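Trainee: Have a look at the structure that comes next, please.
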Amino acid sequence: MKRLIFRAAATADLRAIARSTRADWGDEQAATYVAALRLSIKSLLQFGQRFPQHEETHRGLRKMRSGHHLVFYLVADDVVEIVRILHERMDTGARLGE
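Numbering (our numbering), first residue to last: 193 to 290.
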């Protein structure tokens, strides 16, 4: 079975999403939104190849939409690696190059 790992930047992104959603919409909405995002990410363990490649900065990088965020990730034989989780309005090319 594949393992799910998060790069440090993706973990920081997820925390920032939770803080921002909590500040704008409250605790309950933040918990609901982050739970849905985590569930979408977990689905990549079974269906990671179904989303298109987005290779602007990384070979093999894929992109999945979840709510208003884009999850950038890599798939290997035994691992799905979450690279970044960025808002749809961000300059993703610049952020992925960081």
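Ideal Cβ placement from N, Cα and C applies to all residues, glycine included.
The structure displayed is predicted, hence computed values, not measured ones.
(1) Anyone know if the C-beta pair for His260 and Glu280 falls short of 9 Å?
(2) For Leu237, report the span of its alpha helix (DSSP H) as first-last.
(3) Answer yes or no: does any C-beta atom of chain D fall closer than 9 Å to that of Val263?
(4) Considering Cα atoms alone, identify which of Val275, Leu262 and Gln238 is closest to Gly252.
(5) Closest by CA to Arg195, which one among Lys234, Leu288, Val271 and Arg242?
(6) Let me confirm a value: Leu231 is counted as buried when at least 16 other C-beta atoms fall within 10 Å, else exposed. Which label applies?
(7) State the Cα-Cα distance for the pair Ala223 and Ile233, rounded to the nearest angstrom.
(8) Note down, in chain order, each residue of its chain lying with its Cβ closer than 6 Å to the Cβ of Met256, except the 5 sequence neighbours on either side.
(9) Return yes when the Cβ of Ile277 is within less than 9 Å of the Cβ of Asp219, no when it is not.
Mentor: The relevant details are as follows:
(1) yes
(2) Annotation: the continuous alpha helix (DSSP H) that includes Leu237 extends over Asp219 to Phe239.
(3) Chain labels in this structure do not include chain D; a single protein chain is all it has.
(4) Val275
(5) Val271
(6) exposed
(7) 15 Å
(8) Phe243 and Val263
(9) no
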